[in-house]
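A.B. asks: Have a look at this one before I ask anything.
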Amino acid sequence: MKRIFIMWLALVAFLENCTHHKSNISQAKTESQMKNIYDYQVKSLDGGTIHFADFKGKKILIVNTASECGFTPQYKEMEALYQQYQDKLVIVGFPANNFGGQEPGTNTEIAAFCEKNYGVTFPMAAKVSVKGEDMAPIFRFLTEKELNGVKNTTILWNFTKFLLDENGKLIDSYISTTKPTDEAIVKHLR
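This is the structure we're talking about:
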């Protein structure tokens, strides 16, 4: 009986070790698949390229935007936040027409709208999709825990925000009703 018990303990220890080893392999595989925001570059609204690697050492606030949305006035707060913290923060707007057809314009029209109505000086990406089969790869990274290592986020509407730290790691995401100057965001900038 004692012999069976010892064999049983050895088997349990062996199986635990196998499970732990398998878990470490799985974790290492997931970590190696994860990217960093600095791996991304996107077309800008003016036809150039935004290289996220250029923002190393600064926090980055990424916002999916739309010109005809009830949250569009947040552009004003985004610009004020950018002006106040531009030594340690970059804001990148991503126009998207995924919600209610509220960003129907061309890149040229969107750029003119942002400058004329809100004096936007922070970088703006070319129009993208932020959900569905044609979701831009950078938004897959931002919304999938498997890629960003922090959390899954479902973008429910325009002006969803993603804040990343100085090392390109996701800090958190914020729903549309969270204003850019909300304490939940600003506390990370002080």
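Residue numbers (full-length UniProt numbering): 1 to 190.
All residues carry an ideal CB built from backbone N, CA and C; glycine is no exception.
According to the neighbour-count rule (16 or more other Cβ atoms, all chains shown, within 10 Å of its Cβ), is K161 buried or exposed?
C.D. replies: The residue in question, K161, is buried, as its Cβ has 16 or more Cβ neighbours within 10 Å.
A.B. asks: Let me check understanding here. Comparing Cα to Cα, which of E79, R140, T154 lies closest to T121?
C.D. replies: It is E79 whose Cα lies nearest to the Cα of T121.
A.B. asks: Take E77 and list the residues in its own chain whose beta-carbon comes closer than 6 Å to its own, dropping the five residues that flank it on each side.
C.D. replies: Only K179, P180, T181 meet the Cβ criterion.
A.B. asks: Could you give the distance in angstroms between the alpha-carbon of L142 and the alpha-carbon of I60?
C.D. replies: C-alpha separation (whole angstroms): 12 Å.
A.B. asks: May I have the straight-line CA-CA distance separating G168 from N158, to the nearest angstrom?
C.D. replies: Straight-line Cα distance between these residues: approximately 23 Å.
A.B. asks: Between the Cα of V150 and the Cα atoms of R140, I138, E166, L170, which residue gives the shortest distance?
C.D. replies: Checked all of R140, I138, E166, L170; the closest Cα to V150 is L170.
A.B. asks: Checking 8 Å against the spacing of the C-beta atoms, do A125 and K43 come in under that value?
C.D. replies: In contact: A125 and K43 (Cβ atoms closer than 8 Å).
A.B. asks: Let me make sure I understand the geometry here. Which of T177, L163, I175 has the alpha-carbon closest to that of H188?
C.D. replies: Selected option, being the one with the closest Cα: L163.
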